[in-house]
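A quick write-up on the structure given underneath.
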Amino acid sequence: MRNGINCKLVSEHLSAFVDEELDFDFSSEIKRHLCECLDCRRKFAKMLKLHYLLKKYFAGESLLEHKAKFVSNLKFVSSVDFVTQK
Amino acid sequence: MDYLRKKDYKKMDLMLLIDEAQGSDWVALEELLRRHSGIIYSTLYHLGPSGQNIDDLSQEVLMRIAKSIKSLKKKEHFKLWMNQIIYNVFYDDLRRKKRKPNMFSIDSFYDEPSEFQSKEIEDTSIHPDEKIKNFELDVLIRKSIRELEEPFREVVVLRELQGLSYEQIARILDTNIGTVKSRIARARAKLQEKLKDYLD
Ligand SMILES: [Zn+2]
């Protein structure tokens, strides 16, 4: 479909590629390009690394003391109220 | 008995839990809220670097979920629905605050190093040096996200923390998928720049 896939086009769509948000054909073309192009492969690796860094950060972020305190101090008096209110 | 009951709810599949909660089972509702309280807190925390009271906002989100869980038509849409509530609560509050300037300080507890330093990370599997490195990286990532302009910060939180699809994000932000796509790409480019020392 998209003729002449090039580094510029790939780099513009790498982010959506990482998120698997591109249509199948285009995504396949990008994969093919990545196999042949070291430069884009490096950019892809970086993009992927950022994605995982952020994922890891958000997942491990129980370090956040305020959050832990909030979660452990939750009292559900109100949810009982909601049910009994009606 | 109570203990056993609670334990079952803890293991309960999310869809089933929503079902029960919608059927006025308050133990299920409580578990549903508890299960999501952490991610709600994180989302609000990262959305707003402007010193809003995250505890209060998180409470408000939980209340709204509790109040309106019955109005959720498709259980599969729970995550999207929850994020719409988070988003509404967050921006309602922000709008209120904007009308009253100087009500809050830009750098409230977010940058207090004591928040993190005071807490010993009990993980003996990680080498001390590694701990420090992870800690530094955490602080840097947090700071980098905070420094993003609002439209970029939003998409990063909705995508990387909440794991929503572009379509879902577009619905929450009331925009189109193309915009979401380009904002995420630009947000990532900015973050790559800020975190470049860790990406090579
Ligand atoms: Zn290339």
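If you read the protein sequences in the order shown, they are chains D and S.
The opening position of the first sequence corresponds to residue 1 in our numbering, with each subsequent residue numbered one higher.
The opening position of the second sequence corresponds to residue 1001 in our numbering, with each subsequent residue numbered one higher.
Even for Gly, the Cβ is constructed at its ideal location relative to N, Cα and C.
This structure is a prediction, so every number in the text was calculated from the model and none was measured.
Taking 8 Å as the threshold, the shortest C-beta distance from SER1071(S) to chain D does not fall below it. Note that the stretch 1061-1075 of chain S does not touch the stretch 1169-1189 of chain S; fewer than 3 beta-carbon pairs, one per stretch, sit closer than 8 Å.
In the structure shown, the three-state DSSP call for ASN1053(S) is coil.
Your pair TYR1087(S) and LYS67(D) does not check out as a contact, with CB atoms roughly 19 Å apart and the cut at 8 Å. DSSP places VAL1157(S) in no alpha helix (DSSP H); its state is neither H nor E.
The three-state secondary structure of SER28(D), taken from DSSP, is helix.
Between the stretch 1081-1095 of chain S and the stretch 1130-1147 of chain S there are fewer than three inter-stretch CB-CB distances shorter than 8 Å, so the stretches are not counted as touching.
For SER15(D), the enclosing alpha helix (DSSP H) begins and ends at 7-18. For SER1182(S), the secondary structure class from DSSP, reduced to helix, strand or coil, is helix.
With fewer than 16 neighbouring CB atoms inside 10 Å of its own CB, TYR52(D) falls in the exposed class. Between PHE24(D) and SER1037(S), the CB-CB gap reaches or exceeds 8 Å. Under the 8 Å Cβ criterion, the stretch 1010-1021 of chain S does not count as touching the stretch 40-47 of chain D, having fewer than three qualifying pairs.
Membership of GLU65(D) in the alpha helix (DSSP H) is indicated by the continuous run 65-73. Membership of GLU1030(S) in the alpha helix (DSSP H) is indicated by the continuous run 1026-1047. Here GLU1150(S) carries a helix assignment [DSSP, helix/strand/coil]. The alpha-carbon of ARG1034(S) is positioned some 33 Å away from that of LEU1195(S). Distances from the CA of THR1179(S) to each of LEU1164(S), VAL1155(S), GLN1052(S) were compared; the closest alpha carbon is that of VAL1155(S). Using a Cβ-Cβ cut-off of 9 Å, LYS1079(S) is close to nothing in chain D; its nearest Cβ partner there is about 15 Å away. The stretch 1058-1066 of chain S and the stretch 1018-1033 of chain S touch, with three or more beta-carbon pairs separated by less than 8 Å. Neighbours of VAL10(D) in chain S, taken as residues at a C-beta separation under 7 Å, are lacking, since the least C-beta distance is about 12 Å. Within the chosen limit of 7 Å, ligand 1 reaches the beta carbon of CYS40(D) through at least one heavy atom.
Look at the stretch 22-44 of chain D: it has no residue with a C-beta under 8 Å from a C-beta of chain S. Counted as a single uninterrupted DSSP element, the alpha helix (DSSP H) harbouring MET47(D) occupies residues 38-59.
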